[in-house]
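What follows is a set of notes on a single structure, which appears directly below.
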Amino acid sequence: MDRTILKKFSTALEHTIINKKLIQYYKMEATEKDILRGGQFLVKETKCEDVFTPEDFSEEQTMMKDAVMEFNEREIIAHKPRFEAKDYALTEEVMRKAGELGFLGVAVPEAYDGLGMGFVSTVLTCDYISSGTGSFSTAFGAHTGIGTMPITLYGTEEQKQKYVPKLATGEWFGAYCLTEPGAGSDANSGKTTAELSADGKSYKINGQKMWISNAGFCSLMIVFARIEDDKNITGFIVEYDKENPNGITLGEEEHKLGIRASSTRQVFFNDTVVPVENMLAGRGEGFKIAMNALNVGRIKLAAACLDSQRRILTTAVNYATERKQFKTPIADFGAIKTKLAEMAASAYAGESATYRAAKNIEDRIALRVASGNSHQEAELKGVEEYAIECSILKVAVSEDVQNCADEGIQIFGGMGFSEETPMEAAWRDARIARIYEGTNEINRMLTVGMLVKKAMKGHVDLLGPAQKVQEELMGIPSFDTPDYSELFSEEKEMIKKLKKAFLMVAGGAVQKYGQNLEDHQQLLIAAADILIEIYMAESAILRTEKNVKRTSEKEQSAQIAMAKLYLYHAVDIVEEKGKESIISFAEGDEQRMMLMGLKRFTKYANYPDIVDLRIEIAEKVKAENKYCF
3 MDRTILKKFS TALEHTIINK KLIQYYKMEA TEKDILRGGQ FLVKETKCED
53 VFTPEDFSEE QTMMKDAVME FNEREIIAHK PRFEAKDYAL TEEVMRKAGE
103 LGFLGVAVPE AYDGLGMGFV STVLTCDYIS SGTGSFSTAF GAHTGIGTMP
153 ITLYGTEEQK QKYVPKLATG EWFGAYCLTE PGAGSDANSG KTTAELSADG
203 KSYKINGQKM WISNAGFCSL MIVFARIEDD KNITGFIVEY DKENPNGITL
253 GEEEHKLGIR ASSTRQVFFN DTVVPVENML AGRGEGFKIA MNALNVGRIK
303 LAAACLDSQR RILTTAVNYA TERKQFKTPI ADFGAIKTKL AEMAASAYAG
353 ESATYRAAKN IEDRIALRVA SGNSHQEAEL KGVEEYAIEC SILKVAVSED
403 VQNCADEGIQ IFGGMGFSEE TPMEAAWRDA RIARIYEGTN EINRMLTVGM
453 LVKKAMKGHV DLLGPAQKVQ EELMGIPSFD TPDYSELFSE EKEMIKKLKK
503 AFLMVAGGAV QKYGQNLEDH QQLLIAAADI LIEIYMAESA ILRTEKNVKR
553 TSEKEQSAQI AMAKLYLYHA VDIVEEKGKE SIISFAEGDE QRMMLMGLKR
603 FTKYANYPDI VDLRIEIAEK VKAENKYCF
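Under my numbering, residue 631 is the last one in the sequence shown; the count climbs by one each step, no gaps.
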């Protein structure tokens, strides 16, 4: 096999990716560092020094990034027409090459033939390997995430020894069989059954699954079925051999809007015999497995959309600098500069927030391992802790990549609508991201629902800060003019005020509806939009502030502009969604007071000149002729 991908550093290092020892597991020294718990970003101030940014990648992580990018260029992007022509065999072939290079085993412990890398490196790999085509991205994500991870996190030692090495090396590929014709968002309502045999040695599985990624070339399926009248479904590890199908029948390949070379089929089970020892976790634990797998899947899906945005923007600016109208490159027109700047700012915020959360998860895992938890338990609890952030990222980045692709088509004009250019494929591939891993509507409701539950458990103190906001609303506002001469001083004050706006809205809603809040979906979705914008805008500001401190304002000028531009839009969204929320549950004097409070919390002392901000960002992108941040 061609291993030129490794040549640039193979001589410099004792170990290579091939022998699975290029990068050792990132073992941070366990400290009692005050790592924010999931959701606490809302009520506790985060210092810029405490966030991880892409500029903090270690040497090893940078090398991994370069290796993955080279693989993507050579094995995926170079063959994009074949992927678009539904060459399923090519997807399988490239997946096998990814396995040989160790990319499928990045998150798998070394004990099971993986690279045993930390969570940030896992996210990084997913980020840079996913932009070539959505077809490979889907196959990669389905295999490394929901196809492999349930066994590494919930499997017995025997199950892990038997199956995980095959999955980590690409000898076998995995699929995840959860969705059914009548069970989508309501995953626990599946009708597939598992019946224990008379001798108690096996189960017979009967039922139908649909939208199963990798079904056409998998050797192992994680299958969810219900035993008798159990309340919750149960997970099973099911082997699949085409020569000995064991009652498993595959439907034809689905013909989809995008991700055309991703193998997607229905799977039918007819008395499929599964040994009892292949039950995953315990009876009735399937729903828990599915939900926790989704948490990891959500942040990895956000990561999988990042490099697509970079690539779309780079392709768009390349075209815009070459395409002339009225004897002028269209990149010189203000209308196009606006698009380039907005695309860059969204990508920058997505990067900032994704890697911030990834490092939080990695640190939490390391602390749990240091305190005596097994790797399994540490990773499960570490990811679960940041389930709110994972849902936020999934929603924000999946929508940003769609908007980015849409603007990419617009910059290309008529050519953008043609299959001759890559924009239409990028748009089609991006569309699934808002449906994968729980729809964006479901995830919006989850963010607020999970936050309220955390508050009730005492994990996040919302009551105290919400009461302070209530007192502030009743008091007389200060008319002093603050000193905003320091970089981001006003922006950070705006973030604090946006958090107050959320606490006001959420606190009022909980007070009005109590435990019935989940029945008011439109209100939950509006409140979630406020929460999402706070996290994304704050992440962009903190990343930039950190990098300014180690470089200079001049060097980070465009990044400063992007952080300010993103916040400006976030403030508008908070105002709109806050107003919508307040009007829906408050009346009379209470409504008037809250609307006045919202106006106070969304008012700049000094509005940024967003036209100038966009120009600065666009000129930087034009000068570099790519996404360059």
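Glycine included, every Cβ here is placed at the ideal spot set by N, Cα and C.
From a predicted model like this one, the values you see are computed outputs, not experimental measurements.
Please determine, among G253, E473 and M458, the residue with the shortest C-alpha to C-alpha distance to G516. Looking at G253, E473 and M458, the one whose alpha-carbon comes closest to that of G516 is M458.
Which of the three DSSP states, helix, strand or coil, is assigned to S373? coil
Considering D68, what are the terminal residues of the alpha helix (DSSP H) in which it resides? E61 to F73
Three Cβ pairs or more, each shorter than 8 Å: is that satisfied between the stretch 571 to 584 and the stretch 515 to 532? Result yes; three or more Cβ-Cβ pairs closer than 8 Å.
Taking one C-beta from the stretch 99 to 107 and one from the stretch 160 to 172 each time, how about it: are there three or more such pairs within less than 8 Å? Contact holds between the stretch 99 to 107 and the stretch 160 to 172, because three or more Cβ pairs, one in each stretch, are under 8 Å apart.
Where does C630 fall in DSSP's three states? coil
Who pairs with A185 in a beta bridge, going by DSSP? E182
Locate the beta strand (DSSP E) running through Y205, then write down its first and last residues. S204 to S215
Using beta-carbon positions only, say whether I239 and Y165 come within less than 8 Å of one another. yes
Looking only at DSSP bridge pairs, what is Q327 linked to? T330
Please state whether the Cβ-Cβ distance between T236 and A196 is less than 8 Å. yes
Please confirm whether K339 and I562 have their CB atoms less than 8 Å apart. no
Report, in whole angstroms, the separation of the C-beta atoms of L222 and G147, which I expect to be a contact under 8 Å. A Cβ-Cβ separation of about 14 Å leaves L222 out of contact with G147 under the 8 Å criterion.
May I have the straight-line CA-CA distance separating T64 from D58, to the nearest angstrom? Rounded to the nearest angstrom, the two C-alpha atoms are 9 Å apart.
In chain order, each alpha helix (DSSP H) run of at least 4 residues that lies wholly inside the stretch 581 to 608: 590 to 603
So, do the stretch 152 to 165 and the stretch 256 to 275 have three or more beta carbon pairs nearer to each other than 8 Å? no
Using C-beta distances below 7 Å, list every residue in its chain close to G299, excluding the 5 sequence neighbours before and after it, in chain order. G147, I148 and E439
Pick helix, strand or coil for L489, following the three-state DSSP scheme. coil
According to DSSP, F105 sits in a beta bridge with which residue or residues? BP columns for F105 are empty, so no partner.
For the candidate residues S133, A91, T55 and G40, whose alpha-carbon lies nearest to that of E72? S133
Option nearest E86 by Cα separation, candidates Y130, D129, T356 and F138: F138
Identify the continuous alpha helix (DSSP H) that holds R446 and give its terminal residues. N442 to K459
Write down every uninterrupted run of the alpha helix (DSSP H) in the stretch 247 to 308 whose length is 4 residues or greater and which is fully enclosed by it, in chain order. Counting whole runs of 4 or more residues, the stretch 247 to 308 contains no alpha helix (DSSP H) stretch at all.
Is I229 helix, strand or coil by DSSP? Reduced to three states, the DSSP call for I229 is strand.
Restricting to Cα atoms, I'd like to know which of D309, E94, I291 and A113 is closest to E75. D309
Given this structure, state the Cα-to-Cα distance separating E592 from P479, to the nearest angstrom. 17 Å
For M119, which of helix, strand or coil comes out of DSSP? coil
One question on the structure: do A263 and N216 come within less than 8 Å of each other, judged by their Cβ atoms? no
Cβ shell of T356 (< 8 Å), same chain only, five flanking positions each side left out: V125, D129, I301, A304, A305, L308, L395 and V399
Evaluate G374 with the Cβ neighbour count: other Cβ atoms within 10 Å of its Cβ, from every protein chain shown; 16 or more gives buried, anything less gives exposed. It is exposed - the Cβ of G374 has fewer than 16 other Cβ atoms within 10 Å.
Local conformation of T140 per DSSP, three classes: In the structure shown, T140 adopts helical secondary structure according to DSSP, grouped into three states.
Under a three-way DSSP split, which group does V462 fall into? Coil, per DSSP.
Consult DSSP for L8 and reduce its assignment to one of helix, strand or coil. The pLDDT assigned to L8 is 39, lower than 50, so where the model puts this residue is not dependable, and the model offers no usable value.
For C406 and I536, I'd like the C-alpha separation in whole angstroms. Taking the straight line from one Cα to the other gives about 20 Å.
Minimum C-alpha distance to L282 - residue among T150, L38, V96 and I612: T150
Measure the alpha-carbon distance for L315 versus E160 and round it to whole angstroms. 47 Å
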